[in-house]
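All remarks here apply to the structure that follows.
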Amino acid sequence: MNQPTKRRTDYLLIGTGVAPLMAAQSLSAKGHAVTILNPDSDFFLENSELPLDLMNFESPTTDISKRFNNNLPEQVYRDLIPVFPGALEMWKEEDDEVEDAKQFKVEAAPWIRYRHRMWVVPAGSPGVDRLESLYLRALDLGWKPKWLEGVSLAKRFPGFSARNLEDRNIDRWVGFMGPRFGDIDVSRYRSGLFEFVREKLGRDNILTSAHVLDIDSKGVRFQLSSGLPINIEVSRAVSFFWTPTMERFLRGQLEKYQPRMLDNFEASVNRQLWEEWNVLSRDPVNPYVVAQIEGLRVWSHGEGIPPVGGWNGIKIMRREQGAKLLAQDSIQDVSRLAFQVLGWDRFTVRSVTPRTFYRWITTAPLEYDSDGLRTFIIRACDGPLHWIAGKIRRAVDLWS
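Residue numbering for the sequence shown follows the working numbering, starting at 30 and increasing by one per position.
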């Protein structure tokens with residue numbers, strides 16, 4: 030009878046997406062042996078990272094100053110560059126007017142873009158008071174927000190068209206233009222990091238379709254989609270990365286080893302359901318603004334430097350307040366945006382994808398003993414890419 034294959038590593042990282050790759054890059058740079066197991070068949074199948082902060086301010090106790098500072102382009106760069114093996118390029122509006130600014134840039138690199146944030150609500154709606162409060166707080170922080178109304182506001186909205194202007198009640202919209210925050214080419218960043226880590230660790234140490242069978246003091250027993258079980262001896266620690274795909278498995282781990290920690294998890298997170306709409310505009314879309322209108326986030330979408338006038342693709346992130354995604358309300362909200370706000374006469378939907386994200390209240394890693402093996406669960410491994418990078422950096426400092 031064939032015996033299970035035996036292997037050794039210092040750190041075993043188990044999870045989906047970019048988080049275990051970031052940790053592996055940091056640990057291997059310190060000289061540690063690292064192996065990654067991903068239960069998905071494709072490394073980024075879950076797609077749990079965002080290019081930017083969707084800017085929910087659910088709680089009046091939110092530290093707006095900290096939130097704003099954490100999303101400045103320079104801070105996004107500082108968060109993301111330590112574990113990336115190449116260049117990260119920066120682009121802002123004034124670069125379009127200076128050709129020399131594009132010299133010596135790596136066009137294929139991930140780009141961090143400087144884009145204004147704009148908040149918009151219908152005049153007379155319940156959201157006006159909240160919007161005014163946010164505007165005054167931004168003023169107090171010295172962010173120099175600009176209050177806008179009617180057509181002057183609408184013209185800055187990504188995808189705005191002046192067609193049939195008199196029939197759309199544009200004069201009823203109010204809002205303000207806020208500071209410029211950063212957003213990143215997620216797919217380029219993930220792909221570049223993945224290729225580098227796979228080359229550095231070797232293909233045998235970065236595995237997909239891997240299912241954990243057992244954990245004890247001798248290590249971890251797992252199985253790939255085909256073949257015999259594999260035993261891997263772990264000398265330092267096992268680390269799990271909590272994303273929606275991993276929740277069911279990690280709940281089982283906590284119920285087995287630390288049931289009290291499961292209560293800790295429940296008290297530390299709120300789930301958010303979103304829909305990601307990729308819509309095609311017949312005209313180029315203003316690439317300099319990310320707009321928020323009620324439950325929608327809207328921006329011109331593409332990779333690298335936007336062409337003159339912007340891309341034709343629009344990304345719409347819609348927050349679902351109920352428990353059902355892609356319902357009739359979804360179509361009505363997107364149609365209202367396209368026809369009444371943007372002034373389009375038609376639009377093309379390229380794709381719609383349901384997304385689940387956690388809104389973490391407590392993000393400190395959970396540490397416990399798995400039958401003699403030091404084990405960590407790293408929270409906040411989904412959401413804005415640069416937030417994930419910050420959490421991983423602090424977690425690695427804790428382990429090693």
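Glycine included, C-beta positions come from ideal geometry on N, C-alpha and C.
Query: Burial state of residue 30, where buried means 16 or more other Cβ atoms lie within 10 Å; Result: Per-residue confidence for residue 30 stands at a pLDDT of 47, beneath the threshold of 50, marking its modelled position as unreliable; no derived number is given.
Query: Whole-angstrom distance between residue 270 and residue 426, CA atom to CA atom; Result: 15 Å
Query: Ranges of the alpha helix (DSSP H) found wholly within the region 139-164, counting only runs of at least 4; Result: none
Query: Whole-angstrom distance between residue 68 and residue 259, CA atom to CA atom; Result: 14 Å
Query: Residue 94 beta carbon less than 8 Å from that of residue 170; Result: yes
Query: DSSP state of residue 268 mapped onto helix, strand, coil; Result: strand
Query: Any 3 or more C-beta pairs closer than 8 Å across the region 137-148 and the region 316-326; Result: yes
Query: Residue 201 beta carbon less than 8 Å from that of residue 151; Result: yes
Query: Residue 187 versus residue 312 - alpha carbon distance; Result: 11 Å
Query: Assigned secondary structure, residue 260 (DSSP; H/G/I helix, E/B strand, else coil); Result: strand
Query: Own chain, CB closer than 6 Å to residue 286, minus 5 neighbours either side, in chain order; Result: 397 and 399
Query: Exposed unless 16 or more other CB atoms sit within 10 angstroms - verdict on residue 310; Result: buried
Query: Buried or exposed (CB count within 10 angstroms, at least 16 for buried), residue 72; Result: buried
Query: Between the CA atoms of residue 98 and residue 104 - distance to the nearest angstrom; Result: 7 Å
Query: Those runs of the beta strand (DSSP E) which lie wholly inside the region 299-385 and span at least 3 residues; Result: 318-322, 325-329 and 342-349
Query: 4 or more residues per run - each alpha helix (DSSP H) lying fully within the region 39-76; Result: 48-58
Query: Residue 65 classed as buried or exposed, judged by whether at least 16 other C-beta atoms fall within 10 angstroms; Result: buried
Query: Buried or exposed by the 16-neighbour rule on C-beta atoms within 10 Å, applied to residue 168; Result: exposed
Query: Proximity of residue 117 and residue 102 at Cβ, strictly below 8 Å; Result: no
Query: The region 366-380 / the region 275-294 touching (three or more Cβ pairs under 8 Å); Result: no
Query: Assigned exposure category for residue 235 - 16 Cβ within 10 Å defines buried; Result: buried
Query: Beta bridge counterpart(s) of residue 178 as assigned by DSSP; Result: 203
Query: Sheet register partners of residue 120 (DSSP bridge); Result: 142
Query: Neighbourhood of residue 226 by C-beta, 7 Å cutoff - its chain only, sequence neighbours within 5 removed; Result: 50, 53, 54 and 235
Query: Backbone CA spacing between residue 355 and residue 364 [nearest angstrom]; Result: 13 Å
Query: Three-state secondary structure (DSSP) of residue 187; Result: coil
Query: Range of the contiguous alpha helix (DSSP H) that encloses residue 94; Result: 93-99
Query: Given 8 Å, three or more beta-carbon pairs between the region 195-214 and the region 152-168; Result: yes
Query: For residue 330 and residue 119, the rounded distance between their alpha carbons; Result: 16 Å
Query: Straight-line gap, residue 124 to residue 134 (C-alpha atoms, nearest Å); Result: 12 Å
Query: CA nearest to the CA of residue 229, picked from 405, 196, 47 and 60; Result: 60
Query: Delimiting residues of the beta strand (DSSP E) encompassing residue 235; Result: 235-237
Query: Alpha-carbon to alpha-carbon, residue 315 and residue 180; Result: 15 Å
Query: Status (buried if at least 16 other CB within 10 Å, exposed otherwise) for residue 361; Result: exposed
Query: Proximity winner among 302, 307 and 183, relative to residue 387 (alpha-carbon distances); Result: 302
Query: Spatial distance of residue 394 from residue 122 (CA atoms); Result: 39 Å
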